[in-house]
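Report on the structure given below.
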Amino acid sequence: MVYPEVVQAVGGGLSWLCYRNVTFSGGGMRLTVHIGALTGDVANVTFDGCTWRNGAVLLLLGNAYAAVGSLNIVVTGSTFDDALLSPEGGFPPRTNITISGNRFTVTRLISRPGLGLESPSCVAMNELAISNDSAFVLSGNVFQSVAASSSAIYVVRSALSVSWHSVFAVMGNTFHMDGVNATLIYLGGSRHSSSLSVLNNSAVVIRGNVVSKPVLYFMHILSVSRVESLSAVVFQGNE
Numbered sequence: 002m003v004y005p006e007v008v009q010a011v012g013g014g015l016s017w018l019c020y021r022n023v024t025f026s027g028g029g030m031r032l033t034v035h036i037g038a039l040t041g042d043v044a045n046v047t048f049d050g051c052t053w054r055n056g057a058v059l060l061l062l063g064n065a066y067a068a069v070g071s072l073n074i075v076v077t078g079s080t081f082d083d084a085l086l087s088p089e090g091g092f093p094p095r096t097n098i099t100i101s102g103n104r105f106t107v108t109r110l111i112s113r114p115g116l117g118l119e120s121p122s123c124v125a126m127n128e129l130a131i132s133n134d135s136a137f138v139l140s141g142n143v144f145q146s147v148a149a150s151s152s153a154i155y156v157v158r159s160a161l162s163v164s165w166h167s168v169f170a171v172m173g174n175t176f177h178m179d180g181v182n183a184t185l186i187y188l189g190g191s192r193h194s195s196s197l198s199v200l201n202n203s204a205v206v207i208r209g210n211v212v213s214k215p216v217l218y219f220m221h222i223l224s225v226s227r228v229e230s231l232s233a234v235v236f237q238g239n240e
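Counting from 2, one number per residue, gives the positions in the sequence shown under the numbering used here.
Next up, the structure:
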């Protein structure tokens, strides 16, 4: 199935949302999943075997106050070909976001209104906050870029925040960054905010990733990092 090239928001009043083997294509294609509009004791959002190409954007728009007991978001077995995956904002307690088994390829900057992305990126996060027994895991993905000064994972402007018994993990991924001056994980920030905040028994784990060619930075932290209250940032077994 080929989805029409439209700007569309989904999620209103739903507790279950699933797209399987759907193609999203074109610079005018932006699908926004409004987390704040979901309902139910357990809400599930799944993208399985989908194709995103030619400038299409998948925006996972968080809302920390969403009326859900728990939330599961899965993006798996999908292809992002000159397309953008963009999680944004705070997510409610007991959220599990799994981005696994996908292939990302970028040759140019994919823009998204309001994001202010400055370089070609596969995954662009803005004001991402994971808290209260939650997890965000990127595992078993393949990231490939042939564009100069590109990033596989780009955190725009404000800090990546992980707190209250939560984890953000990048594990078992493969990176083929063929463009010059490439960065695997770019953590933005500003003079007024940190790039990374890990608090209250939480962790950021970067483990078991494979990089096929030398890159300028494995992780570029633009501003200061805050790691405290029995929390940790772990690098282990990356090649």
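Note that CB positions come from ideal geometry on N, CA and C, so glycine has one too.
Exposed unless 16 or more other CB atoms sit within 10 angstroms - verdict on residue i
i                : result
arginine 109     : exposed
arginine 21      : exposed
valine 171       : buried
methionine 178   : buried
alanine 67       : buried
alanine 148      : buried
alanine 153      : buried
methionine 2     : exposed
phenylalanine 25 : buried
phenylalanine 48 : buried
8 Å contact criterion, which residue i and residue j should meet: CB distance rounded
i             : j                 : result
leucine 39    : valine 58         : Not really, about 20 Å apart at Cβ, beyond 8 Å.
valine 211    : phenylalanine 176 : 7 Å
aspartate 83  : threonine 106     : 7 Å
isoleucine 36 : asparagine 64     : 5 Å
valine 46     : methionine 30     : About 18 Å; that fails the 8 Å criterion.
leucine 139   : asparagine 182    : Wrong, their Cβ atoms sit about 22 Å apart, outside the cutoff.
valine 245    : leucine 60        : No answer is possible for residue 245: the residues shown for the chain start at 2 and end at 240.
serine 146    : serine 194        : In fact, because the Cβ distance is near 27 Å, the residues do not count as touching under 8 Å.
cysteine 123  : phenylalanine 81  : 6 Å
glycine 141   : asparagine 174    : 7 Å
Candidates the options: closest to residue i by CA position
i              : options                           : result
leucine 161    : Gly238, Asn182, Arg54 and Ser203  : Ser203
serine 120     : Thr184, Gly102 and Ser159         : Thr184
alanine 136    : Glu128, Leu61 and Ser167          : Ser167
isoleucine 222 : Gly190, Gly14 and Ile111          : Gly190
alanine 233    : Val163, Leu129, Asp179 and Gly41  : Val163
valine 43      : Val23, Ser26 and Trp17            : Trp17
glycine 50     : Thr33, Ala67, Cys19 and Gly28     : Cys19
valine 143     : Ser132, Ile100 and Ser230         : Ile100
isoleucine 131 : Ser112, Trp165, Gly141 and Ala153 : Trp165
glycine 180    : Asn174, Arg95, Ser196 and Lys214  : Lys214
glycine 91     : Arg208, Glu128, Thr80 and Gly102  : Glu128
serine 198     : Ser230, Gly173 and Asp134         : Ser230
leucine 200    : Ile111, Ala125, Arg227 and Gly28  : Arg227
glutamate 89   : Asn55, Val34 and Gly41            : Val34
valine 11      : Gly56, Leu62, Gly28 and Gly27     : Leu62
glycine 27     : Gly13, Tyr4 and Gly56             : Gly56
proline 93     : Gly41, Gln237, Ser112 and Ile186  : Gly41
Below-8 Å beta-carbon distance, residue i vs any chain D residue
i             : result
histidine 166 : Here there is only one protein chain, and chain D is not present.
What are the complete beta strand (DSSP E) segments, minimum 3 residues, inside the stretch 171-210?
Secondary structure within the stretch 171-210: the beta strand (DSSP E) runs of 3 or more consecutive residues, fully enclosed, are 175-178, 184-188, 197-200 and 204-208 (chain order).
Quick check for students: name the residue ranges of the beta strand (DSSP E) that lie wholly in the stretch 111-151, counting only runs of 3 or more.
122-132, 136-140 and 143-146
Does the stretch 153-160 come into contact with the stretch 111-127, if we say contact requires no fewer than three beta-carbon pairs (one atom in each stretch) closer than 8 Å?
yes
Where are the beta strand (DSSP E) runs, 3 residues long or more, that stay fully inside the stretch 9-70, in chain order?
17-21, 24-26, 31-35, 40-49, 52-54 and 58-62
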